[in-house]
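Asks: One structure, as structure tokens, below. Some questions next.
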Amino acid sequence: MIAAIGDHIVIEPNAPDTATAGGIALPAGRKLSTPSEGIVLSAGEGRYLKSGARTPPGVRPGDRVVFNSFGSTCAEWRRAGKTYVSCQEADILAVIDR
Numbered sequence: 008m009i010a011a012i013g014d015h016i017v018i019e020p021n022a023p024d025t026a027t028a029g030g031i032a033l034p035a036g037r038k039l040s041t042p043s044e045g046i047v048l049s050a051g052e053g054r055y056l057k058s059g060a061r062t063p064p065g066v067r068p069g070d071r072v073v074f075n076s077f078g079s080t081c082a083e084w085r086r087a088g089k090t091y092v093s094c095q096e097a098d099i100l101a102v103i104d105r
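Here the sequence shown stands for residues 8 to 105, numbered as in our numbering.
Structural data, given as structure tokens:
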């Protein structure tokens, strides 16, 4: 089990596209500088406000999200053959089909 802490969100990203919408094949290992989609696996408790109160995250496990994979707070790692991304909530751009 992977558990996010603080205002971090753990996401399992979708597999990268191997071709463009027009059918042009992309080289292996190429990363595009576009936002990525994935499924939220775990959300932390939320971030602290200046008042000391904690605000809950706007996403929950199971949400399909669009996130900025090139954000300064995103980290990517592999475990047991799967790729995961951990981002702060500010790097999540949208929730799809909640």
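The C-beta atom is built at its ideal place from N, Cα and C for all residues, glycine as well. These figures come from a predicted structure and were not determined experimentally.
With DSSP as the reference, label E44 as helix, strand or coil.
Replies: Here E44 sits in strand by DSSP.
Asks: Hey, how far is the Cα of R85 from the Cα of T62?
Replies: The alpha-carbon of R85 is positioned some 29 Å away from that of T62.
Asks: Buried or exposed for I99, please, with buried defined as at least 16 other CB atoms from any protein chain shown within 10 angstroms of its CB.
Replies: buried
Asks: So, are the CB atoms of V92 and R67 less than 9 Å apart?
Replies: no
Asks: Could you check where the beta strand (DSSP E) with A82 kicks off and where it finishes?
Replies: A82 to R86
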